[in-house]
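Quick note on full-length UniProt numbering: the sequence shown kicks off at 1 and runs consecutively.
These notes concern the structure reproduced below.
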Amino acid sequence: DDDDESDDSDLHTDPLQPSVSSHDINDPYRVAGWPENMPLPGHSFPHAPAVKPRTRQPLSNNLQKELAALKPPLYVPPPGEQDTTSSLRRHHLGVLNTILHTSLLKHDFLRAGRAWGMILRTNILGRPLDVRTHGRWGIGAGILMRKFSPQNDSQDESNNASTISDEGFEAAKDYYERLILQYPFQKTNPNAISSLTFYPAMFGLCIYEIQQKCNRALERNRNSSLEADQSDSELESTRNQESEGIAAIKRSELDSAASLAARMDELMLSPPFDTYPPLLQLRGSVALWLADL
1 DDDDESDDSD
11 LHTDPLQPSV
21 SSHDINDPYR
31 VAGWPENMPL
41 PGHSFPHAPA
51 VKPRTRQPLS
61 NNLQKELAAL
71 KPPLYVPPPG
81 EQDTTSSLRR
91 HHLGVLNTIL
101 HTSLLKHDFL
111 RAGRAWGMIL
121 RTNILGRPLD
131 VRTHGRWGIG
141 AGILMRKFSP
151 QNDSQDESNN
161 ASTISDEGFE
171 AAKDYYERLI
181 LQYPFQKTNP
191 NAISSLTFYP
201 AMFGLCIYEI
211 QQKCNRALER
221 NRNSSLEADQ
231 SDSELESTRN
241 QESEGIAAIK
251 RSELDSAASL
261 AARMDELMLS
271 PPFDTYPPLL
281 QLRGSVALWL
291 ADL
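Spelled out as structure tokens, the structure:
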């Protein structure tokens with residue numbers, strides 16, 4: 001009877017209940033290859049390997065400096081170690097900006113030009129300063145125009161302050177042309193400051209140059225007719241000469257404006273300049289100017 005009961009118990013054993021054995025092949029310790037008498041390596045055992053401490057032999061500071069000082073350098077410090085140098089250069093750049101704007105407010109354009117040159121030569125994190133950021137490109141053109149301004153051509157300070165010499169105009173135009181070549185328009189970055197921005201500024205400068213030359217010529221023509229006392233016949237002749245001089249000045253202004261309009265038309269034949277609103281508006285203003293002349 002005992003044998004029958006044991007056989008019945010074996011037959012009624014739950015097939016889902018695992019059998020316990022020290023040599024079970026499903027034992028997690030056996031699968032992971034970890035001895036049972038050692039503590040578990042971590043909370044994720046056995047699904048992750050044991051974390052071993054990393055040992056790194058740091059280089060000495062002196063050795064790092066020596067390797068970085070070689071040409072070419074054999075060691076480049078990570079960006080976090082360059083914060084001190086970059087912060088000093090940013091501070092230096094801030095001082096130069098202060099000198100630049102203070103000199104501009106005092107109309108000391110020679111000193112402003114020197115500060116501007118030092119700003120252009122400043123490198124931060126190994127990269128040169130981008131002249132297009134924060135509107136710096138316009139500051140450079142203004143300095144070049146005023147740097148060559150005449151100082152003794154007129155006794156009237158208000159007129160002298162608004163007068164720009166021919167050398168200043170040429171320097172500013174050459175500056176814009178170099179910017180146009182250096183930063184062409186790119187379809188991949190259409191919103192960036194490029195030649196699309198510089199062309200309207202340069203054409204506006206050309207318009208200002210033509211008008212200033214015309215106004216100065218008219219002023220000289222007017223002053224020459226009022227230099228001395230004249231008789232009625234001489235006064236009539238002087239008036240005729242003044243009228244002829246004004247007509248010649250206007251013809252010269254018309255020729256210069258027509259040449260500028262032709263240059264704009266040539267540029268606006270190709271995209272993206274043919275659909276750029278500032279250029280279209282400026283070209284319309286030039287057309288009205290030509291009609292008035």
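By construction, the Cβ of each residue, glycine as well, lies at the ideal position given by its N, Cα and C atoms.
All figures in this text were calculated on a predicted structure; none of them were measured in a lab.
{"Check": "For PRO190 and LEU63, what's the separation of their Cα atoms in angstroms?", "Outcome": "46 angstroms"}
{"Check": "Could you say which of PRO271, LEU260, LYS71, PHE148 lies nearest to GLY284 if we only look at CA atoms?", "Outcome": "LEU260"}
{"Check": "In whole angstroms, give me the CA-to-CA distance for SER237 and MET202.", "Outcome": "41 angstroms"}
{"Check": "Taking 7 angstroms as the limit between beta carbons, can you name the residues of its chain near ASN215, skipping five residues before and five after?", "Outcome": "none"}
{"Check": "Mapping the DSSP letters down to three states, classify SER128 as helix, strand or coil.", "Outcome": "Here the sequence assigns Pro to residue 128, which means Ser is not the residue at that position. Strand at PRO128."}
{"Check": "Using the Cα positions of PRO278 and PRO200, report the straight-line distance between them to the nearest angstrom.", "Outcome": "7 angstroms"}
{"Check": "So, for PHE169: in the same chain, excluding its five sequence neighbours on each side, which residues have a beta-carbon less than 6 angstroms away from its beta-carbon?", "Outcome": "GLU209"}
{"Check": "Are TRP116 and ILE99 touching if we call contact CB-CB under 7 angstroms?", "Outcome": "no"}
{"Check": "Is the separation between the beta-carbon of TRP289 and that of ALA262 shorter than 7 angstroms?", "Outcome": "no"}
{"Check": "Around the C-beta of residue 314, are 16 or more other C-beta atoms found within 10 angstroms, so that it is buried, or is it exposed?", "Outcome": "Outside the displayed span of the chain (1 to 293) sits residue 314, for which this structure offers no information."}
{"Check": "Kindly indicate which three-state DSSP category ASN123 falls into: helix, strand or coil?", "Outcome": "strand"}
{"Check": "My output table needs one value for GLU253: the three-state DSSP class, helix, strand or coil.", "Outcome": "helix"}
{"Check": "Considering Cα atoms alone, identify which of ILE193, ALA192, ILE207, LYS187 is closest to LYS173.", "Outcome": "ILE207"}
{"Check": "With burial defined as no fewer than 16 other Cβ atoms inside 10 Å of the residue's Cβ, what is the status of ALA247: buried or exposed?", "Outcome": "exposed"}
{"Check": "State the Cα-Cα distance for the pair GLU157 and TYR176, rounded to the nearest angstrom.", "Outcome": "Residue confidence for GLU157 is low, a pLDDT of 47 falling below 50, so the modelled location carries little weight; the figure read from the coordinates is stated next. Using only the alpha carbons, I get a separation of about 28 angstroms."}
{"Check": "Taking the alpha helix (DSSP H) that GLU170 belongs to, which residues open and close that run?", "Outcome": "166–182"}
{"Check": "State yes or no: is the C-beta of SER103 within less than 7 angstroms of the C-beta of ARG90?", "Outcome": "no"}
{"Check": "For MET118 versus LEU88, is the C-beta distance shorter than 7 angstroms?", "Outcome": "no"}
{"Check": "At the level of alpha carbons, what is the spacing between TYR29 and MET38?", "Outcome": "10 angstroms"}
{"Check": "Could you say which of ILE249, PHE198, PHE185 lies nearest to PRO272 if we only look at CA atoms?", "Outcome": "PHE185"}
{"Check": "Any idea what DSSP makes of ILE193, helix, strand or coil?", "Outcome": "coil"}
{"Check": "Return yes when the Cβ of LEU196 is within less than 7 angstroms of the Cβ of TYR276, no when it is not.", "Outcome": "yes"}
{"Check": "Considering just the uninterrupted stretch of the alpha helix (DSSP H) at MET145, what are its terminal residues?", "Outcome": "136–147"}
{"Check": "Is SER194 buried or exposed, if buried means 16 or more other CB atoms sit within 10 Å of its CB?", "Outcome": "buried"}
{"Check": "Who are the Cβ neighbours of LEU179 in its own chain at under 7 angstroms, not counting the five residues just before and after it?", "Outcome": "TRP137, PHE198"}
{"Check": "Apply the 10 Å Cβ neighbour rule to ARG222 and answer buried if 16 or more other Cβ atoms are within range, or exposed otherwise.", "Outcome": "exposed"}
{"Check": "Kindly indicate which three-state DSSP category SER87 falls into: helix, strand or coil?", "Outcome": "helix"}
{"Check": "Report buried or exposed for ALA141, applying the criterion of at least 16 other Cβ atoms within 10 angstroms of its Cβ.", "Outcome": "buried"}
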